[in-house]
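For what it's worth, our numbering labels the leading residue of the sequence shown as 2, then goes sequentially.
Reading through the structure tokens given below for one structure.
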Amino acid sequence: MKLNYKILWLDDQIKTFIDDRHILKIEKHLSDEGFNPEIYPVKTKEEFFDKLDNSYDLILTDYHMKGMNGAEIVKEVRKNIFTEILFYTAQGDLKDISKLDRISFLQTKRIHHKEVVKKAIDLINLTIEKFHDIVVMRGMIMNETSDLDNQKIALIKKFIDKNTPELIDGLKLEILSELDEKFSSKLRKVQGEWKVKPNGFTNLIKDNFVFSASYKIKTLGWILNQLSENNFSNEYNSEIINIRNLFAHATLEEDIDENGKLIRKFFKKGDITFDSDYCKVIRQNINKHKQNLDNLKIKLDE
2 MKLNYKILWL DDQIKTFIDD RHILKIEKHL SDEGFNPEIY PVKTKEEFFD
52 KLDNSYDLIL TDYHMKGMNG AEIVKEVRKN IFTEILFYTA QGDLKDISKL
102 DRISFLQTKR IHHKEVVKKA IDLINLTIEK FHDIVVMRGM IMNETSDLDN
152 QKIALIKKFI DKNTPELIDG LKLEILSELD EKFSSKLRKV QGEWKVKPNG
202 FTNLIKDNFV FSASYKIKTL GWILNQLSEN NFSNEYNSEI INIRNLFAHA
252 TLEEDIDENG KLIRKFFKKG DITFDSDYCK VIRQNINKHK QNLDNLKIKL
302 DE
């Protein structure tokens, strides 16, 4: 799942959901959670299968529609698509497909649109929790590689402490020689072609070793000032770059109850806990700064 949350909604009476602003309620919920809602309402089977692909996070559909069979639709979908599906109906028996994977059902004596919206939001929240699990996995990788880095430093320090200065000098000179060559090469470019050639600055901004994320946003800040636009570079540093760096070095922690049962896993760095609420804030900030960059592009395109 990316920051765009996509829903494909099939209902031959879909206009009712649109006119009664039910779709807007779902869009608002997704926006509040830090996602960009993309809801695609369709009213025919042909439209549905024309739009259907693996990019959707949730599929909503009425089970009983004129000229359409819900069981046939879901079995056709499940040939290639494994997206979460919600079927809702006010009539009929759903047991013939109730054992298919990742399908939820809402059956009422009479369809209430508010119930459909509530159930859809419940499923959205479920998929968001699964998204957080992916974030945790990514964080686990960051945590493990950070631990390996710390372990490597500890081993190097131990080697230094246990060996003679003469041996350490040999190691030091070898490493410093390599670093000197690497930085000297970059310094020559800073003082030479990047400085004097007409395309020097263009070549500089392509070099991620020198022109880091911090330098990129610093440069954009300078440009924003020149354009008399709002300079969001400091916010970007604190809300994007710093948070990314903190997340990269966060450690995995667990909450355990008095019976030893795991309550939750989360990542923590200093005073910051990367729980579901904080992940929502991160998504919102990413979206905000994507919009800031889009606005700057529009200004530069003028």
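For glycine and all other residues, C-beta sits at the position ideal for the given N, C-alpha and C.
- Non-local beta-carbon contacts of His30 in its own chain, meaning distances under 7 Å to residues more than five positions away in sequence, involve Ile122 and Ile125 in chain order.
- The beta carbons of Leu221 and Ser234 sit closer together than 8 Å.
- Phe160 is classed as exposed because its beta carbon has fewer than 16 other beta carbons within 10 Å across all chains shown.
- The DSSP-derived three-state label of Glu39 is strand.
- For Lys26, the enclosing alpha helix (DSSP H) starts and ends at His23 to Asp33.
- Shown here for Asn5: same chain residues with a beta carbon closer than 6 Å to its own, the five before and five after excluded, namely Asn37 and Glu39 in chain order.
- The beta carbon of Lys26 sits closer than 7 Å to those of Val118, all from its chain and outside the five residues before and after it, given in chain order.
- In the three-state scheme derived from DSSP, where H, G and I count as helix and E and B as strand, Phe267 is classed as strand.
- Residue range Thr252 to Ile257 is occupied by the beta strand (DSSP E) that includes Glu254.
- Counting the other CB atoms within 10 Å of its CB gives Ile8 a total of 16 or more, which places it among the buried residues.
- If you ignore the 5 residues before and after Phe267, its C-beta comes within less than 7 Å of the C-beta of Glu254, Thr274, Phe275 and Asp276, all in its own chain and listed in chain order.
- Secondary structure note for Glu194: its alpha helix (DSSP H) is the uninterrupted segment Glu194 to Val197.
- Sixteen is the threshold: when 16 or more other Cβ atoms of the shown chains lie within 10 Å of the Cβ of Glu34, as they do, the residue is buried.
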